[in-house]
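Q: Starting off with a structure, shown below.
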Amino acid sequence: MEKTFLMVKPDGVQRGLIGEIVKRFEQKGFQLVGSKLMVITREQAEYHYEEHKGKGFYEELVSFITSGPVFGMVWEGDQVITLSRTMMGKTNTLDALPGTIRGDFAVHTGLNIIHGSDSPESAEREINNFFKPEEIVSYSKDVNKWV
Ligand code: UDP
Numbered sequence: 292m293e294k295t296f297l298m299v300k301p302d303g304v305q306r307g308l309i310g311e312i313v314k315r316f317e318q319k320g321f322q323l324v325g326s327k328l329m330v331i332t333r334e335q336a337e338y339h340y341e342e343h344k345g346k347g348f349y350e351e352l353v354s355f356i357t358s359g360p361v362f363g364m365v366w367e368g369d370q371v372i373t374l375s376r377t378m379m380g381k382t383n384t385l386d387a388l389p390g391t392i393r394g395d396f397a398v399h400t401g402l403n404i405i406h407g408s409d410s411p412e413s414a415e416r417e418i419n420n421f422f423k424p425e426e427i428v429s430y431s432k433d434v435n436k437w438v
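First residue of the sequence shown? That's 292 in my numbering, and the numbers climb one at a time after it.
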């Protein structure tokens, strides 16, 4: 079963959107297998956003993501990586459609509420960056056969 790392960014936590975001992924039919409120370290943030090092927005991004609590989550489900990216909406908030999390709640690209892994490789890397193996809980739900 595919897993992904999703994170409510500091703006989403401050705006009280943790519950709304968890609700959307639960209602979609995905299964939460790990979660925690945390203030991430500069080292974790630099590793997480390594691909953006050197870009104009990088320093601001790292200081933003470490500026306050984030809500990290691991979700499981068929095609959860691609489907959760669709539910998040486009990175640039001008392109994020209504009905998506960014389309419904974000105005600025630098304050776009949520992060989600974009490939199986980044999902594995990101889960390992923020969660210990024992923090991921494996369990089955009978309802999954209806999803
Ligand atoms: N970002 C930004 N300005 C940009 C591009 C990206 O502030 O021009 C921020 C934004 O918060 C985005 C994050 O950098 O979510 C990571 O960018 P990426 O292209 O990986 O987008 P994502 O995977 O988050 O949609």
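For every residue, glycine included, the Cβ atom is placed at its ideal position computed from N, Cα and C.
With distance defined between alpha-carbon atoms, name the residue in Glu426, Ile427, Pro360, Leu385 nearest to Leu308.
A: Ranking the options by Cα distance to Leu308, first place goes to Pro360.
Q: Kindly indicate which three-state DSSP category Lys327 falls into: helix, strand or coil?
A: If DSSP states are grouped into helix, strand and coil, Lys327 belongs with the strands.
Q: Per DSSP, which one or two residues make a beta bridge with Trp366?
A: Trp366 is bridged to Thr295, Leu323.
Q: CB of Met379 to nearest heavy atom of the ligand UDP: below 8 Å?
A: Result yes, Cβ under 8 Å from the ligand UDP.
Q: Looking at the secondary structure, which residues open and close the beta strand (DSSP E) in which Ile405 lies?
A: Unbroken beta strand (DSSP E) run through Ile405: 405–407.
Q: According to DSSP, simplified to helix, strand and coil, what is Pro411?
A: Three-state DSSP puts Pro411 in a helix.
Q: Which parts of the stretch 376–405 are runs of the alpha helix (DSSP H), unbroken and 4 residues or longer, counting only runs that do not cross its ends?
A: Counting whole runs of 4 or more residues, the stretch 376–405 contains the alpha helix (DSSP H) stretches 392–396.
Q: In whole angstroms, give me the CA-to-CA distance for Glu367 and Phe321.
A: One C-alpha to the other measures close to 6 Å.
Q: On the DSSP bridge list, what partners appear for Val361?
A: For Val361, which the question treats as bridged, DSSP gives the partners Met329.
Q: Whole angstroms are fine: how far does the CA of Asp433 sit from the CA of Ala397?
A: One C-alpha to the other measures close to 35 Å.
Q: Going by DSSP in three states, Ser429 sits in which element: helix, strand or coil?
A: If DSSP states are grouped into helix, strand and coil, Ser429 belongs with coil.
Q: What does a CB cutoff of less than 8 Å around Val304 pick up in its chain, not counting 5 residues either side in sequence?
A: Leu328, Gly359, Pro360, Val361, Phe362, listed in sequence order.
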